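Structure, as structure tokens:
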Amino acid sequence: MPKTYSPRFVEPAWYEWWESRELFKPQQRSNVASTYSMVVPPPNVTGSLHLGHALTSAIEDVIIRWQRMLGNEVVWIPGSDHAGIATQMVVERFIENKYNLTRSEMGRERFEEAIWDWRNLKGDQIIKQLRRLGSSLDWDRSTFTLNPSYSYAVNEAFIRLHKEGLIYRDSRMINWCCHLGTSVSDLEVDRTESETPIKIPGASKTQSFHISYPDDVKEIIVGTTRLETIPGDTAIAVNPSDPRYSHLIGRYVKHPLFDHKLLPIIADDAVVMDKGTGALKVTPAHSFLDFEIGKRHNLPHVSCINRKVNTFNCQGYWPSDSVPLRHLKRWWGYFEPIEGLQKDMYDQMLKVESWKNRNEIHRFDMRNVVLKYLYKKDLYRGSKNHQSTLRICSRSGDLIEPMVSEQWFVRIEELADSALKAVDDGRIKFVQDGYMKQWRHWLTTSGDWCISRSLWWGHQIPVYLCRDNKWISAHSEEAAREQFGAYDITITRDTDVLDTWFSSALFPFAALGWPKQTPDFQRIPRFYPLNLMETGNDLIFFWVARMVMLGMKLTGKVPFRNILLHPLIRDEVGRKMSKSLGNVIDPIHIIDGASNQERIEALDDLYLDGNEKLSAMSTTATAGNYQPLGCDSLRLAMCSYSTESPHINFNLTMVIESRKFLQKIWNSAIFVLSLFTHDEFTAKQLTSYHRTVDKWVLAQLYEVVVSTNDHLSNHNLPAALRGIQHFWKNHFCSVYVEFCKSCFSAVTNENGDTVGYQASTNQQLAFALNILYVTETALRLMSPFTPFFTEELWQRLPKEYLNGEFPESITIATYPQAKDFSQHENRQLIEDFSVLLQACQKARSDILTFQLSKQVQVVFLCRDAAAVEALSSEAADIRRLILGNQLEVVHWDGDAIPDDCFGMLSPESSISAVYRILDPKEFFGSNSKSEFRANLGESLKKLIKNPKRRTSTEKIAKVKENIETFEKWKFSWN
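Here the numbering used here is used: the first residue of the sequence shown is -17, the next is one more, and so on.
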């Protein structure tokens, strides 16, 4: 067996073998087995997986493997999401970088073909990554959200909800992303408080401009950050309780851009008196607040920003007597004809570069046009920096443009009520109760859900516009004609696609075959409802709530019984992981290792712009090379993070420490295997030879079996892992293995070097079988967390010497249960033995700290006379825990230590470790006791005083403590 654990040689072969043995398929392995089902949150096919996916995979795979080892019939369904907006953005950027073509130039058919090619490439890459992460998925059940069967399920869901009136079409205020050319939901809009400039495509800094709206007597000053929407103003609103404007309510002011247009001054409680000037310009077509004010006061909607090309458009609102129509020929083909505009305004437009070159004017260019015009007309009253809440598209970073548009919506109220009741009555449970408040708040305050998107990639909405402006939802054009009752009419299908989250919300049941009565979906209760939905906490509303709402409505059942939300991963300094920052980490780079150059070259696949790529390259170069650490090391690090915090700062050091932990177990396994290498013997139950330490390790094994199952039952993976790691490191490797080494005969090579240990006598055989038994059990206990590592060691164990039958793989071996180890329960033994271990750890620490040689004997002073004989009989074993120094155990109940010893009593413990110098001449050499003490003190003080040493604050504090302890020893040193 190699001395060093090498993941690159161990891990790749096992996954292929597991699949060949069909170990990941649902199988009932006991008569009392139940079913257990989960689905993978389908990753987007935008690119490769990142650390967030590695965290998801690790958590879910641990739970799935544990359930499988419990003997349950387990299915874990993989899939991938077409991710409409995200994928279209990535492929557009790819095509533009590689072919210098836009989506429009390419055409819809060719563009969709390009996206499918992209999906096939990235989909295969994602599958390879999930396999490399050890995800024990049933790949035969894998689905893609644009597969024909899944698309049928999406259309069926829309049709059913539309016919029930839960989906409707209406002209309402929506969030429009000009950069993407589509609407986005409220959840895809970030609110940012900003007083300083932020990067927005085409935007300048946020300022409040004070504009005069004159009347015949005086003017009313209005502050606005959006000059480009002034052409759409239809009123001025003030608070009815504001004494500054109460006398003006009901009067009119002139529109600052159009002399012929009068705007009414209206009173509305929505106006905040101490915000700005206290007067609000009302633009119902481009503000959510103004839209509501407009509804209350029956104001017209004047749209002045074109939704398709992100330009200025006043839809015929300007007067016809200002500019002849011949001057507006450049507008034709983009908008409805505009009857005219102010001459000065038109002159300003001609000076804008984007207007002259592209027959269009950017909305932020229009801001400057309006500003110059107002300044020229003496209507501009100054500006100042203004802290404003900006609505930013989370997809593109663009400033959201509120606008009125006809879209498809889902009525939320009825669906939200059902989702709330399901949690309130316990049909669905949150693992972390802290999310209940957020859940209730969103479901009780959320408005109707806009589900139509003006994209090319996605599920085209299955509705057809027929005669009399009637919309028919159907699976095909023929079915739509049949429903309408006429076959000779012209019908047109809506070109928009559905919001990705609408199709993703069906995943728990559509992936099982719904609406068809497939074996997975029909056999109730087999795999639906799912037992657990595990995903990131940022998806609680995007995905989880919508799965519950649509699942309950379409299937009549809750889609899953439990919800576990994990934190978001940030980099080690707490920054959000971003491609443009270059701090996104490919988990395969951690598993297999990657050089700086390889990681920098991988940035080419992100198609970043120049500045973003330079920033990303700088961050990547600073991170250095990644050494191969293996999948199981990464899984251990991922599962050790708490799921209670909202986010976690990833630190590569945790993966490195996990790798060292596995090496420690590997070293212990080498010792265990060596016991069975040199002799052949028959297994026997020789419990009469069990020592105290054997009984103690079995009692500790029972405790960790109980706690691990309890924690896993509560989905508390970090606590379960901590218990397992503590057992391996602090009980098995550091104590039990060290105890056992002195019990066996060393096997040496021709050079006299120890190459192993041999069990020859019946007593040694009993010890060997016990350590093999503990090792095998502990490997099964850890297997869900480290499947590759434990499979490798488990297969090497000589299990034929143990009682019982074992399956072909640890993957389907029985998980240790408390009932099978209850005979080893012994809390009193654990407490008693812990006192001995504390004394050993104290002695070991003193020997290392104060440079005590082998000429110093460790003396255990026991207050309990009965313990002296028991400890003395095992003194040879205990010596291994105190670095091999000689040991004497004596009964002592005095208030001071023996005269021939030095050290200090431990009043809080029944065993105190003190020390006796066996040969003063050899121990001190030519130094006197006082000189030795002085030299030792000086050596410790050098750590603090030497400026060349970089000593941490913690190290200095420890040294000071040691010096103080040493000074106390002066009084006990004879």
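In this text, a Cβ means the ideal position worked out from N, Cα and C, and glycines have one as well. None of these values were measured; they are calculated from a predicted model.
query	result
With 16 as the cutoff for other CB atoms within 10 Å, does residue 257 come out buried or exposed?	exposed
Please state if the CB of residue 585 and the CB of residue 614 are separated by a distance shorter than 8 Å.	no
Please check the pair residue 98 and residue 387, which I expect to be a contact at CB under 8 Å, by giving their CB distance rounded to whole angstroms.	So it is not a contact: roughly 29 Å between Cβ atoms.
Beta strand (DSSP E) containing residue 152: first to last residue?	149 to 159
List, from N- to C-terminal side, the alpha helix (DSSP H) runs of 4 residues or more that fit wholly inside the segment 691 to 722.	699 to 708
Please confirm whether residue 428 and residue 394 have their CB atoms less than 8 Å apart.	yes
By the three-class DSSP mapping on this structure, what secondary structure does residue 40 have?	helix
Is it buried or exposed, residue -15, if we count other Cβ atoms within 10 angstroms and call 16 or more buried?	exposed
Identify, in the order they occur along the chain, each residue of the same chain with its Cβ nearer than 6 Å to the Cβ of residue 113, setting aside the five sequence neighbours on each side.	-3
Which term fits residue -9, buried or exposed, when burial requires 16 or more other beta carbons within 10 angstroms of its beta carbon?	exposed
Evaluate residue 744 with the Cβ neighbour count: other Cβ atoms within 10 Å of its Cβ, from every protein chain shown; 16 or more gives buried, anything less gives exposed.	exposed
Does the beta-carbon of residue 389 have 16 or more other beta-carbons within 10 angstroms, so that it is buried, or is it exposed?	buried
Identify whether residue 207 lies in helix, strand or coil by the three-state DSSP scheme.	coil
Short of 7 Å in beta carbon distance, which residues of its chain neighbour residue 571, apart from the five on each side in sequence? Order them along the chain.	581 and 608
CB residue 721 to CB residue 862, shorter than 8 Å?	yes
If we ignore side chains and look at the alpha-carbon of each, how far apart do residue 793 and residue 799 end up?	16 Å
Would DSSP call residue 364 helix, strand or coil?	strand
Here's the rule: buried if 16 or more other CB atoms are within 10 angstroms of the residue's CB, otherwise exposed. What is residue 418?	exposed
Between the segment 363 to 382 and the segment 408 to 426, can you find at least three pairs of beta-carbon atoms closer than 8 Å?	no
Could you say if the segment 864 to 880 and the segment 837 to 849 meet the contact criterion of at least three C-beta pairs nearer than 8 Å?	yes
In angstroms, rounded to a whole number, what distance separates the CA positions of residue 574 and residue 525?	32 Å
Taking DSSP as the reference, what is the three-state secondary structure of residue 512?	strand
According to the neighbour-count rule (16 or more other Cβ atoms, all chains shown, within 10 Å of its Cβ), is residue 54 buried or exposed?	buried
Measuring CB to CB, does residue 446 end up less than 8 Å from residue 473?	yes
Measure how close the beta-carbons of residue 730 and residue 719 come, nearest whole angstrom, since I'm counting them as under 8 Å.	So it is not a contact: roughly 19 Å between Cβ atoms.
Using C-beta distances below 7 Å, list every residue in its chain close to residue 478, excluding the 5 sequence neighbours before and after it, in chain order.	434, 435, 436 and 443
With contact counted as at least three CB pairs below 8 Å, one residue from each stretch, are the segment 255 to 274 and the segment 219 to 232 in contact?	yes
Residue 822 by DSSP, collapsed to three states: which one?	helix
Of all the options 265, 649 and 681, which has the alpha carbon lying nearest to the alpha carbon of residue 716?	649
Could you tell me whether the Cβ atoms of residue 72 and residue 29 are closer together than 8 Å?	yes
May I ask which residues mark the beginning and end of the alpha helix (DSSP H) holding residue -4?	-11 to 2
Between which two residues does the beta strand (DSSP E) carrying residue 247 extend?	244 to 249
Select from 7, 115, 754 and 494 the residue whose C-alpha is nearest the C-alpha of residue 618.	115
Rounded to whole angstroms, what's the CA-CA distance from residue 52 to residue 789? Just pull it up for me.	13 Å
Which residue wins for smallest C-alpha separation from residue 58, given the options 208, 508, 278 and 677?	508
Mind checking which residues open and close the alpha helix (DSSP H) that includes residue 637?	634 to 656
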